[in-house]
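I have placed the structure first, in the form of structure tokens, so that the comments after it can refer back to it.
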Amino acid sequence: MLHKKPFHVMIIPTLGCPSKCSYCWSSEEGSPVMSIETVSDIVEWLKDFRDDPVTFTFHGGEPLLAGADFYRKALPMLTENLSHLSPNFALQTNLWRLTPELAQVLAEFKIPIGSSLDGPKDLNDSQRSEGYYERTMRGYEIARENGLQVQFICTFTSHSVKFKEEIFSYFLENGLTLKLHPALPSLRSSDPEKWALDPEEYGELLVYLLDKYIENMDRIEVRNINDYCRCVFTGRGTVCTFVDCMENTFAVGPDGSIYPCYRFVGMPEYVMGNVRDRPSREDLARSSAGQRMLQFKEYVNRECKKCKHIRYCRGGCPYNAIAPTGGEIKGVDPHCVAYKRIFDEISERLNREMMGSFGLEMGGTSATSTRGAGPGVMSLMRMLASK
Ligand code: SF4
Ligand code: SF4
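Residues in the sequence shown are numbered from 4 upward in steps of one, following the working numbering.
In structure tokens, the structure reads:
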């Protein structure tokens with residue numbers, strides 16, 4: 004049987020967003036909204052494009068600005084006409100515009116929702132915008148009343164990282180799964196580094212979260228730590244940052260333009276084609292953006308070849324690597340330092356613990372095997388294996 008590869012299409016109904024988060028690099032007010040004809044073009048484009056199972060993620064800007072009617076038409080259209088690709092859906096939103104009507108449409112298709120919350124109200128609003136927390140919580144209530152699953156992504160900035168203990172406690176005490184995202188330099192700001200999280204600090208934050216997670220494993224899930232551990236335990240990446248995302252991920256902008264990922268939407272130099280022209284995989288790979296993505300893959304093969312984590316890290320995120328340099332491939336993802344830090348930490352602890360348990364079997368004592376080694380990652384490995 005042929006191995007099926009995960010295939011991801013991000014649909015960006017608009018780049019507009021009603022919030023003005025301080026570090027956001029994507030929102031454009033008054034931006035046009037995707038028409039239902041463009042959704043129909045997406046269907047036609049994908050009918051014979053490839054036969055791997057597809058996940059559609061609605062992303063933005065703020066995808067709920069497209070309104071209930073858009074989803075009422077788009078979701079059955081994609082589901083019924085592409086049933087041979089077994090479509091799954093996800094949606095990333097700040098929840099401000101969620102109405103009971105929209106929630107019912109999304110619930111009918113059991114769409115898991117990702118939202119954003121940077122921690123307790125004052126901290127969140129100081130870096131997102133005044134009133135953000137309450138608006139998001141109002142939407143969260145509507146989502147829950149309608150049986151929708153919501154998980155929050157927490158953006159850590161150069162400012163909020165100083166409050167990592169409060170942020171972790173907030174997620175723990177409120178029973179929320181923690182998924183974190185490091186703030187990137189904003190390409191549209193006059194001071195792009197102001198909010199960006201320094202890669203070394205990001206590495207230390209990940210190690211801190213590894214410890215806190217293991218201490219509280221029965222009370223919280225820290226998604227990124229799961230992802231890093233799965234990489235080390237299985238030798239395979241499971242999220243886009245840690246696989247070769249090129250050729251398996253695409254994004255469609257409001258006007259039907261195809262890009263390598265939602266992060267490039269709105270950057271004309273990264274347009275690979277348009278859904279109305281039904282480009283094939285080869286057509287997209289031949290576009291200059293497609294070529295640039297492949298050049299990144301070759302660059303990683305050369306530059307990271309001595310790194311013991313290359314098999315699953317794959318140079319990190321190509322957007323992080325090439326967008327800030329105006330498209331020139333001069334380095335891997337700047338978060339390399341953080342990735343190495345956490346991958347090394349997990350593999351060293353795992354080796355130490357395995358040697359310790361081997362020593363015990365051979366008649367040693369636990370004191371010599373794990374003393375000072377910090378909390379155990381093997382328990383995390385067992386928990387992940389049982390899922
Ligand atoms: S460019 Fe980065 S964020 Fe986009 S799919 Fe690739 S790894 Fe993921
Ligand atoms: S950790 Fe750094 S050097 Fe190693 S594969 Fe990832 S980006 Fe390359």
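Idealized CB from N, CA, C, for every residue including glycine.
Remember, predicted model here, so these are calculated numbers, not experimental data.
Could you tell me the boundaries of the beta strand (DSSP E) in which residue i lies?
i, result
"Asn251", "Taken as a continuous stretch (DSSP letters only), Asn251 belongs to no beta strand (DSSP E), as it is neither H nor E."
"Lys182", "181 to 185"
"Met13", "10 to 14"
"Phe59", "57 to 61"
Assign residue i to one of three DSSP states: helix, strand, or coil.
i, result
"Ala93", "strand"
"Gly375", "Note that Gly375 scores a pLDDT of 49, beneath 50, so its modelled location is shaky and nothing firm can be said."
"His87", "helix"
"Val380", "helix"
"Ser350", "helix"
"Ile345", "helix"
"Val335", "coil"
"Ala326", "coil"
"Gly64", "coil"
"Asp194", "coil"
"Ser163", "helix"
"Arg100", "coil"
"Ser283", "coil"
"Ser369", "Because the pLDDT at Ser369 is just 45, under 50, the model does not fix this residue reliably, and the point stays unresolved."
"Arg53", "coil"
"Lys390", "coil"
"Ser22", "coil"
"Glu76", "Residue 76 is actually Lys in this sequence, not Glu. Three-state result, Lys76: helix."
"Ser360", "helix"
"Met4", "Any reading at Met4 must be qualified, since the residue scores a pLDDT of 44, below 50, and its modelled position is unreliable; the value itself is stated next. Three-state result, Met4: coil."
Could you give the first and the last residue of the continuous alpha helix (DSSP H) run that contains residue i?
i, result
"Ser43", "39 to 50"
"Gly318", "No alpha helix (DSSP H) contains Gly318, which DSSP labels as neither H nor E."
"Ser172", "167 to 176"
"Ser291", "291 to 306"
"Leu105", "103 to 111"
With which residues is residue i paired in a DSSP beta bridge?
i, result
"Glu17", "Going by the sequence as given, residue 17 is Thr instead of Glu. Looking at the DSSP assignment, Thr17 forms a beta bridge with Val36."
"Ser118", "Phe155"
| query | Which ranges would you report for the beta strand (DSSP E) in the segment 123 to 161 if only whole runs of at least 3 residues count? | reply | 153 to 159
| query | Pairing CB atoms from the segment 312 to 332 with CB atoms from the segment 227 to 239, are three or more of them under 8 Å? | reply | yes
| request: Scan the segment 200 to 277 and note each continuous beta strand (DSSP E) run of 3 residues or more that stays entirely inside, going in chain order. | output: 252 to 255, 260 to 262
| Three or more C-beta pairs below 8 Å linking the segment 63 to 81 and the segment 105 to 117 | yes
| query | Is the segment 47 to 57 touching the segment 81 to 99 in the sense that three or more CB pairs, one from each, lie closer than 8 Å? | reply | yes
| query | When the Cβ atoms of the segment 165 to 184 are set against those of the segment 59 to 78, are three or more pairs found closer than 8 Å? | reply | no
| Is it true that the segment 264 to 280 meets the segment 297 to 313, where meeting means three or more beta-carbon pairs spaced less than 8 Å apart? | no
| request: Pull every residue with its beta-carbon under 7 Å away from any heavy atom of ligand 4, and keep them in chain order. | output: No copy of ligand 4 appears in this structure; the ligands present are ligand 1 and ligand 2.
| So, do the segment 342 to 361 and the segment 192 to 210 have three or more beta carbon pairs nearer to each other than 8 Å? | yes
| Touch check for the segment 138 to 155 and the segment 117 to 128: three-plus C-beta pairs under 8 Å? | yes
| Is it true that the segment 208 to 215 meets the segment 249 to 260, where meeting means three or more beta-carbon pairs spaced less than 8 Å apart? | no
| request: Report yes or no: do the segment 288 to 305 and the segment 318 to 337 share at least 3 C-beta pairs separated by less than 8 Å? | output: A contact between stretches requires three or more CB pairs, one per stretch, nearer than 8 Å, and the segment 288 to 305 meets this requirement with the segment 318 to 337.
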